[in-house]
Structures are given as structure tokens and as C-alpha cells.
Amino acid sequence: MATEEAAGGLAFHPMDQFLVRPLFGGTEINWYTPTNVTLWMGLTVLAIVLVLVVGSRGRAIVPSRMQSIAELTFGMVHKMLEDITGKEGLKYFPYVMTLFCFIVFANFIGLIPTSFSTTSHIAVTAVLAMLVFLGVTILGFVKNGAHFLGLFWVSSAPLPLRPVLAVIEVISYFVRPVSHSIRLAGNVMAGHAVIKVFAGFAAIAAIAPVSILAITAMYGLEVLVALIQAYVFTILTCVYLKDALHPGH
Amino acid sequence: MEGIAQLGQYLGAGLACIGMAGAAMGVGNVAGNYLAGALRNPSAAASQTATLFIGMAFAEALGIFSFLVALLLLFAV
Amino acid sequence: MATTTEEAAAQATDAVHPMLPGTDASGSAVGMPQLVFETFPNQIFWLLVTLVVIYLVLSRIALPRIGGVLAERAGTISNDLATAEELKLKAKAAEATYTRALADAKTEAGKIVAAAKAEIQADLDVATAHADAEIAAKTAESEGRIGEIRAGALEAVNTVARDTAAEIVATFGGRADAGAIDAAVAERIKG
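Top line first, the protein sequences correspond to chains A, B and C.
To convert a position in the first sequence, counted from 1, into the numbering used here, add 14.
To convert a position in the second sequence, counted from 1, into the numbering used here, add 6.
To convert a position in the third sequence, counted from 1, into the numbering used here, add 31.
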């Protein structure tokens, strides 16, 4: 890499933006070290507080802009949860809202140039997905007992097919956290890496305009993806939660 | 020897990216069929947006998997 | 060759600044930073801290507040709608009352107009009858007077004719008795 740079070739380092670095120098990364992960997650919390707490401070009947955003977010997640899981799912609204807020704000903050996007890391999204997976599985067994296993026994299918379907259902159940986490991390990482690659091409004057246009277009797509992936993550959480609350097909 | 391994990595990464074409077709299919249905019965469209996004997410996940395979081949092997 | 350079680079970086996990000597990422397992405990720890903080902020402050505002707004809106409905009903009732009053007034006015018309008609009839009677009386009186005048004139014509006839007869030397002249004059005037 270094020799290529010295030779004046294109230098692509699309993955450098995902490096975890300690904030205050040093190279040791212990579990407690304040890193750029800490910084950008802290900024995410700050943004959430700014929009959802400070923004709704007025408690106005006719809302201000900030309060409108807070209310729209609240209303969207609330409606999604109620539509999919029904009334008894609303108990888990704060958890779902926490996930949605964290992902959507982290995604958007990650779109700021030179920022670090926390949701592009498998470690982060895997923890989010495992929280959902474990929570939903435990909740399913606590609520329904052994009846929760009925989720894998498709009673509407013909009897000879049921064992086969049960195997498929079990596999798809355990693939859930994998796809759940990789979808989010993959989307965010892919978008950022592609933008970075286009940025690398911008070093050549002849194709710089095309490259900058492409960056702009990709950025627009990424803004869309940031919201849609948060939405999808939340809606899948709701669907899994529905399976735990009503395991019958 | 190392060169051949690297060649294999890059070729494999490129081949893995073909998988994304399938995901693209899948997502397009979901969105197109949703639009066709929504134009036939616009009143039922709003209630099905959640299903649309879930379907798109599932279709897209497989494309992301192939992208991931490409990345793993490029960077992690 | 390769090993020596790597060793040299490693020595150099160790001496100047030790490398971050997952980077090469130039500070660029080697492979995917997402798969550098040394950073996982750090990320997971800070993620859990973040999630707990967000959960506490949301469940303690933000969500009850926004939910309250939304409920309050829904209440206000439904209240306002109810009030509006009530006012609408009131307006409808008022309109009905108004229409009824208008209809009543119209019929009343119709009645008054009819009564006035009848009264005027009666007055008119009386006046017409009165006038007719007067005209008839005047006509009769005039006719009487005309008859008198005509009779007077006839009498005068008879007298003049008789006198003239007697004079003419006397001029011709004749002697005529009054009876014959009267008969002759009466015959001629009649004829």
C-alpha cells in the first residue's frame, strides 16, 4: 500500500473510516478505553436528548418543529408496534423505541463527513440483534411455556411435511439474529465504503466531476438507507415480538 | 503462490458480487408488485407498507450476504 | 527480503508509536476493522452503556412527556370537535326557529293583505252602490225635467199653431170657430 502511494497510484483505504481508535492517544484498546465509539455514541445520545427531550420541552398543543419530529418518531414506532403486535405489545414500546432511536440517530450521525458510524460495526449490530433475539425467545417461553415451540410446528401443513418444515423453521429462527445484524451493518458499511471508493477516484482530475456526482448520489441513497434500515430493524423486532406473544401461525 | 491466492481472492470477491444482482431483482420485484397492487387498490396500499419493507428487507439481506462474502474475501482472508 | 522489511517496519513502529489493532505500519486498516476482535469488548461495553442511557432517558422523560402531549392533543381535538358539533346543532335549531318565524310572518302578512283587500273591496262596493244610486236619482230627475220641458214645448207649439191658424183664417176673412181649429191643429201636429 505504502509503495503504491509513493508511486503516485490511487490510494484506496475505504475501510480506514471504520477503525476504532482511542480518543486520547495510545494503542491499547481495553473494554473501558474511551474510543471514537464512545465519542460518537455519546453524540448519538446527545442528539436523541436534544430532539426527544429538549425538543418536546414546550409540551405545546400546536407543536414546534422539533416537537413535531419527536412526535412523528413516537407516533411512527407506536403505530408500527400496535399494528403488528396488538395492544399487549405496547408494554415493550420503550425497548423498541430505544432500539429505533439509537439506530436511526447513529445512522444519521454516521453520515456526517469524517464521522465514525457506530452501526457499521458487526459487534454493535450483533449485540442489538442478540438482545432482540434473546429477549424475544425468553419472553416467548415465559409467556407461552412449551406452547412457544408451536412456532416451529406448522399445524396448517400436511402431517408428513411438518418435520421437514420444523427443521426449516428452526434454522430460519436461528438465522434471524445473523441476518438481522448483518443487514444493518452491511448496509451502512457498504454505503460508506462505496462513497470512500468514489472519493478515491476523485483524485484523478479527469473523472473527478463524475466521481463527485456519484458521491452526491450515493449520499442521497445513504440518507434513505439510514432511515429505511432503522425502520426495517424495528419492524423486524416487532414481527419477532409478535411471534413471541402469539406463537400460533 | 501468494499471487495465485490473491488472484483467487479477487476473482471470488467479484463473483460473489454477482449475487447482488439477484438481490436487486428481488427488491425490484417486491417494489414493482407492491406498486402494481397499490395502483389497483390504492385504499389498501397504506396498510401494506410494513409488509413491503419486510419483504424488501428479506430480499435485500441476501444481497448483503453476498456483499459480505466479497468483503471477507477481499479483506479478511 | 519481505520478512526483513516487515521486521524493520515493526521495529520502527514499536519504537516510535505502537500500532493500533488492525492497522499496518502506515496506519491504514488491514482487512476489515469490523473483524478486529480486540475492539469488540470496547464497542459492546460502550454500546450497552449507550443503550441503558437512551432507555432511561426515553422511558423516564421523553416518552411519558410526548405520550402525554399527544393524549392531551387528542383530548383537546375531540373536545373541540364535540363543542363544534354542539354549536352546529344549536345553529341548526336557530335556523329552524328563524325559518318557522319567517313562515309565520309570511302567512300573517298574507292574512293581513287579504283582510285589507276585503275591507277595501267592501268600501269600494258601498261607494259604487252609493254612486250608482245617486247617478240613477240624478238621471231620473233630469229625465223628469226633460219631459217637462218637452211637454212645455209641445204646449207652446200647440198654442202658437192654434193662434197662427186662427190669425190666418181671420186674415182670409173667414170665421172659424175655435173647436174646428183646435181639431185641425191637433190632427196636423199628430200627423
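Ideal Cβ positions, reconstructed from N, Cα and C, are used throughout, including at glycine.
Residue-level contact to chain C via CB, residue i, 8 Å cutoff
i        : result
B:TYR73  : Reading the sequence as shown, one finds Phe at residue 73 of chain B and not Tyr. Cβ-Cβ to chain C under 8 Å: no for B:PHE73.
A:CYS115 : yes
B:PHE81  : yes
A:GLU102 : no
A:LEU66  : yes
A:TYR245 : no
B:LEU13  : no
A:ASN44  : yes
A:PHE215 : no
A:MET232 : no
A:THR49  : yes
A:VAL150 : no
Where residue i sits in the DSSP three-state scheme
i        : result
C:PRO64  : helix
A:HIS260 : coil
A:ALA216 : coil
A:TRP167 : coil
A:ILE126 : coil
C:ALA196 : helix
B:MET26  : helix
A:ILE75  : coil
A:THR151 : helix
A:ASN44  : coil
A:PRO191 : helix
A:PHE88  : helix
A:HIS206 : helix
B:ARG46  : helix
C:ARG206 : coil
A:VAL253 : helix
A:GLY69  : coil
A:PRO172 : coil
B:VAL83  : coil
A:GLY234 : helix
According to DSSP, residues forming a beta bridge with residue i
i       : result
A:THR49 : A:PRO36
C:THR54 : C:ALA60
Proximal residues of chain C, C-beta to C-beta of residue i below 7 Å
i        : result
A:THR248 : Those within 7 Å of A:THR248 in chain C number zero; the least Cβ separation is about 14 Å.
A:ARG35  : LEU51
B:LEU4   : With chain B covering only 7 through 83, there is no way to say anything about residue 4 of chain B.
A:VAL59  : THR81, VAL84, ILE85
Under 8 Å by beta carbon: chain C residues contacting residue i
i        : result
A:PHE32  : ALA60, MET63, PRO64, GLN65
A:VAL264 : Residue 264 of chain A is absent from the structure shown; chain A starts at 15 and stops at 263.
A:SER170 : By Cβ distance, chain C contributes nothing, its closest Cβ being about 38 Å from A:SER170, past 8 Å.
A:ALA137 : GLN65, THR70, PHE71, GLN74, ILE75, LEU78
Within-8 Å CB hit, residue i to chain A
i        : result
B:ILE60  : yes
C:ALA93  : yes
B:GLU8   : no
C:VAL47  : At C:VAL47, the pLDDT of 47 sits below 50, so the modelled position is not reliable and the matter cannot be decided from this model.
C:ASN73  : yes
C:LEU112 : no
C:LEU223 : This structure cannot settle anything about residue 223 of chain C, because the visible part of chain C is limited to 32 through 222.
Listed by chain order, chain A residues near residue i by CB distance under 8 Å
i        : result
B:ALA84  : Beyond the ends of chain B as shown, which are 7 and 83, falls residue 84 of chain B; an answer cannot be given.
C:THR107 : ILE75
B:ALA63  : ARG197, VAL246, ILE249, LEU250
B:ALA67  : SER193, ILE196, ARG197
C:VAL144 : Those within 8 Å of C:VAL144 in chain A number zero; the least Cβ separation is about 57 Å.
C:VAL54  : What sits at residue 54 of chain C in the sequence shown is Thr, not Val. Under the 8 Å cutoff, chain A gives LEU33.
C-beta neighbour in chain B for residue i, strict 8 Å
i        : result
A:GLY200 : yes
A:SER193 : yes
A:ARG197 : yes
A:VAL253 : yes
A:ALA204 : yes
A:MET29  : yes
A:ILE62  : no
Under 9 Å by beta carbon: chain C residues contacting residue i
i       : result
A:SER82 : In chain order: nothing, as chain C lies at least about 11 Å away.
Neighbouring residues, chain A, relative to residue i (Cβ below 9 Å)
i        : result
B:ILE24  : Here the premise fails: no neighbours, minimum Cβ distance about 16 Å.
C:LEU101 : GLU85, PHE88, GLY89, HIS92
Per the contact definition of three or more C-beta pairs closer than 8 Å, is the region 140-159 of chain A in contact with the region 211-218 of chain A? no
Counting pairs of Cβ atoms below 8 Å between the region 142-149 of chain A and the region 184-194 of chain A, do you hit three or more? yes
Can you confirm whether the region 172-184 of chain A touches the region 118-130 of chain A when touching is taken to mean that 3 or more C-beta pairs between the two stretches lie within less than 8 Å? no
Specify whether the region 111-119 of chain A and the region 241-254 of chain A touch according to this definition: at least 3 beta carbon pairs, one from each stretch, less than 8 Å apart. yes
Are three or more beta carbon pairs between the region 97-113 of chain C and the region 59-68 of chain C nearer than 8 Å? no
Does the structure place the region 22-35 of chain B close enough to the region 59-74 of chain B that three or more beta carbon pairs sit under 8 Å? yes
Please confirm if the region 89-106 of chain A is in contact with the region 34-48 of chain A, defined as three or more CB-CB distances below 8 Å between the two stretches. no
Okay, do the region 218-233 of chain A and the region 167-179 of chain A touch, 3+ Cβ pairs below 8 Å being the bar? no
Three-pair Cβ contact test at 8 Å for the region 83-99 of chain C versus the region 100-112 of chain A: yes
Count the C-beta pairs between the region 32-52 of chain B and the region 60-67 of chain B that are closer than 8 Å, then say yes if the count reaches three, no if not. yes
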